[in-house]
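Going down the list, the protein sequences come from chains P and V.
Under my numbering, read the first sequence as residues 1 to 117, first letter to last.
Under my numbering, read the second sequence as residues 1001 to 1112, first letter to last.
Ideal Cβ placement from N, Cα and C applies to all residues, glycine included.
Worksheet for the structure shown next.
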Amino acid sequence: DTAVSQTPKYLVTQMGNDKSIKCEQNLGHDTMYWYKQDSKKFLKIMFSYNNKELIINETVPNRFSPKSPDKAHLNLHINSLELGDSAVYFCASSQRRTSGRLTYEQYFGPGTRLTVT
Amino acid sequence: GENVEQHPSTLSVQEGDSAVIKCTYSDSASNYFPWYKQELGKRPQLIIDIRSNVGEKKDQRIAVTLNKTAKHFSLHITETQPEDSAVYFCAATLYNFNKFYFGSGTKLNVKP
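Rendered as structure tokens:
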């Protein structure tokens, strides 16, 4: 029973290429996120979607474009990849209210290790 | 926006000792503070959280304390075990706000 899944797990590509990472959650959550974790392990939020609507867009180059076809999916497309894009990208989801109790636990996917050569 | 600082960046303890990781935040409006544990090559997972109306919360060997006045919160792990070795992240956010501000992480190494 995978709660949050991402594909692919590893992605090796050359500079200038365009690639996509897919994320799906089966938890029925209303909010999904993309995070970038660099080589120093720093976790930085990139985007947040609530009920398919973009609500947070951090200072991210417009080469990165998220797309949420429905509440269970949040994909990330990256154009013109650069060396500095190499990192682990985590998708996560959360639900604002569960059984009357406010909870903000974020469930993370397994991560996608992107290497740009 | 919120700024979360975390210390130390690395922490090495002997098995059985206690470990303390500290975080400070800048936005007094933040009212939810989770802690995540990330084992090598794996995803971050929530281990404990605390809300601003509570000063301390405990779950077996882990506890979190919050000082709203000073705007800092800490993770305490007692009787550390080798399986506690991981990177720990603190975070801060505001209810009904979908942005989590993470600290820079603490790599905890528990020596057997």
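Nearest neighbour of residue i, chosen from the options [CA to CA]
i	options	result
N57 (chain P)	P:D18, P:L83, P:F42, P:K36	P:K36
T1080 (chain V)	V:C1090, V:T1093, V:K1071, V:I1062	V:I1062
G109 (chain P)	V:K1071, V:V1054, V:P1044, V:V1064	V:P1044
P69 (chain P)	P:P61, P:K40, P:Y49	P:Y49
S1085 (chain V)	V:A1092, V:K1037, V:L1094, V:D1059	V:K1037
V1054 (chain V)	V:P1034, V:S1026, V:E1083, V:N1109	V:P1034
H1076 (chain V)	V:K1068, V:G1001, V:E1056, V:T1069	V:E1056
D1127 (chain V)	V:L1066, V:D1017, V:T1069, V:I1048	Because chain V here runs from 1001 to 1112, residue 1127 (chain V) falls outside it and cannot be looked at.
V1004 (chain V)	V:K1111, V:N1109, V:F1089, V:P1112	V:F1089
Listed by chain order, chain P residues near residue i by CB distance under 7 Å
i	result
L1108 (chain V)	Going along chain P, no residue has its Cβ under 7 Å from L1108 (chain V), so there is no contact; the nearest lies around 12 Å.
S1104 (chain V)	F42
T1010 (chain V)	Within chain P, no residue comes near T1010 (chain V); the closest Cβ sits about 11 Å away, beyond 7 Å.
Any C-beta of chain V under 7 Å from that of residue i
i	result
I21 (chain P)	no
G28 (chain P)	no
E53 (chain P)	no
L43 (chain P)	yes
F149 (chain P)	Here chain P covers residues 1 to 117 and nothing more, so residue 149 (chain P) does not appear.
I56 (chain P)	yes
Within chain V, partners of residue i - CB distance below 7 Å
i	result
Y89 (chain P)	Within chain V, no residue comes near Y89 (chain P); the closest Cβ sits about 12 Å away, beyond 7 Å.
E24 (chain P)	Chain V residues near E24 (chain P): none, gap ~15 Å exceeds 7 Å.
Same chain, Cβ closer than 6 Å to residue i, neighbours up to 5 away in sequence not counted
i	result
T1010 (chain V)	K1107
V88 (chain P)	Q37, G111, R113
H1072 (chain V)	T1024
Test: residue i CB closer than 7 Å to a CB of chain P
i	result
V1064 (chain V)	no
L1046 (chain V)	yes
K1037 (chain V)	no
K1099 (chain V)	yes
Proximal residues to residue i (C-beta, below 8 Å), its chain only, five neighbours per side dropped
i	result
P8 (chain P)	I21, T112
G16 (chain P)	S80, L81
A1029 (chain V)	L1094
L11 (chain P)	K19, I21, T112, R113, L114, T115
N75 (chain P)	S20, I21, K22, C23, P66, K67, S68, P69
Residue environment, residue i, which counts as buried when at least 16 other CB atoms sit within 10 Å
i	result
L83 (chain P)	exposed
G1092 (chain V)	First, the amino acid is wrong: residue 1092 (chain V) is Ala here, not Gly. It counts as buried.
E24 (chain P)	buried
V4 (chain P)	buried
A92 (chain P)	buried
Q1006 (chain V)	buried
D85 (chain P)	buried
Residues near residue i by beta carbon distance below 7 Å, same chain, minus five either side
i	result
R1051 (chain V)	N1031, Y1032
8 Å Cβ cut-off: residues of chain P touching residue i
i	result
V1087 (chain V)	K41
T1093 (chain V)	Y104
Per-residue contacts from residue i into chain V (C-beta, under 8 Å)
i	result
P110 (chain P)	K1042, R1043
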